[in-house]
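All the letters of the sequence shown, read from the start, carry residue numbers -18 to -1, 1 to 246 under mature numbering (1 follows the signal peptide of the UniProt record, and there is no 0). The next block holds one structure in the form of structure tokens; read it before the comments.
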Amino acid sequence: MRRFAPLAVVALVALALAGCAPSPPVQQASQAPGQSDAPGQSDASAQPDASAQPGGPVWPQNMASHGAILVAGGVLPTPAAAPERADVAVDLPHAILYIDFLCPYCGMFEEAYGDELQDAVDSGDIALEIRPLTFLDRASPDRYSTRAAGAFSAVVDEFPERALAFYRALFAAQPEEGQPGLTDEQLIEIAAITGASSPQLEQRIRDGALADFTAAATQSGFLEPVTGDVPPPRETPAFYLDGERYAGPIDRPGAVADFIAGQR
């Protein structure tokens, strides 16, 4: 996996919005999976307190579906999220991508297909819903999956027009498996580089204010259908378009663009 890039490099990457591609299944539960088995019901990171209730700024706007629906110019506005996932009507072809910010294969997927997914969003060909999961906290000494997903969700809430840039910058600076993740201050600095900066955003990242939300989103991600009667994924990354699962090459740029074109 890539090591943390100096912030000067991250700045260039964020501006260029370079992309990333997935890899074969990893069978050992102790390893960070790319296309690998989802956590079992005993995984604490996927088990939020079902009695948790949104309050104040803790539960984000624009993520009622437990994902951020990226469209040209920003994020599709939705009400505040809640412990239960809400159905959201999407007029465009609806792509859904499940990721964990620590998953090396998700980083590879972004590296190979990030540009073409962004092009499809910017051109209005698709609405791309990012559903971040946090089950790889088990492979992190500092709960990086939760902290990164929380930072992403906070940006989606406060700076929806910068959500895609921040998402891509996080993968450009993805930490080494088993190593400490980006610090809260580094997450804040990367957010600022991509154009998302406010005292409230900084405080929410430092406080881990969206941890309950990201835990609820992880639980719904692995237990609830992707859409309709499409079963939930058992690995990450998992990419769907209007309910059809992408099963093509994981490391050939152009393959996802061909998949999107073939679904029209």
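Beta carbons: idealized from backbone N, C-alpha and C, even for Gly.
Assumed close pair residue i, residue j - CB separation to whole angstroms, cut-off 8 Å
i	j	result
H76	A63	The pair is not a contact, with the Cβ atoms about 18 Å apart (cut-off 8 Å).
P42	V103	Between V103 and P42 the Cβ distance is about 20 Å, and since that is not below 8 Å, they are no contact.
Q245	L223	5 Å
E93	A239	Wrong, their Cβ atoms sit about 15 Å apart, outside the cutoff.
T176	A151	5 Å
P114	A199	7 Å
A147	G106	In fact, because the Cβ distance is near 18 Å, the residues do not count as touching under 8 Å.
C88	P219	5 Å
Same chain, Cβ closer than 7 Å to residue i, neighbours up to 5 away in sequence not counted
i	result
L118	A14, D82, L84, C85 and S127
P162	P123 and D124
S180	E140
I112	G49, A50, L52, L79, I81 and Y149
G230	A237 and F241
residue 248	The requested residue 248 does not occur in the structure, where the chain is confined to residues -18 to 246.
A71	none
I170	E184 and I187
Bridge partner(s) assigned by DSSP for residue i
i	result
P114	I81
V57	L52
F241	Bridge partners of F241: none, in fact.
A109	H76
Same chain, Cβ closer than 6 Å to residue i, neighbours up to 5 away in sequence not counted
i	result
F141	A178
G56	P142 and E143
F221	L79 and Y228
A174	none
D166	I187 and R188
Three-state class that DSSP yields for residue i in the structure shown
i	result
Y228	coil
F221	strand
A102	helix
V138	helix
G160	coil
E167	helix
D189	helix
P235	coil
Q35	With a pLDDT of only 42 at Q35, under 50, the local geometry of the prediction cannot be trusted, and no value is derived from it.
Q23	Residue placement at Q23 is poorly supported in this model, since its pLDDT is 36, which falls under 50; the coordinates still yield a value, given next. Note: Q23 maps to coil in three-state DSSP.
E184	helix
E143	helix
Q43	coil
G203	helix
R150	helix
Q13	Low confidence applies to Q13: its pLDDT is 35, below 50, so where it sits in the model is not reliable enough to give any reading.
D124	coil
A64	coil
T176	coil
A71	coil
T209	coil
Residue-level contact to chain B via CB, residue i, 9 Å cutoff
i	result
L99	Within the model displayed, chain B is absent; a lone protein chain is all it includes.
8 Å Cβ shell around residue i - same chain, five flanking residues per side excluded
i	result
P207	P213 and P214
P59	Q43, N44 and P142
G210	G225
A191	P39, V40, G132, A136 and Q185
Segment contact flag, the stretch 121 to 137 with the stretch 181 to 188, C-beta cutoff 8 Å, min 3 pairs: In this structure the stretch 121 to 137 touches the stretch 181 to 188; the number of beta carbon pairs closer than 8 Å is three or more.
Could you tell me whether the stretch 211 to 227 touches the stretch 49 to 68, using the rule of 3 or more Cβ pairs below 8 Å? No, they do not touch.
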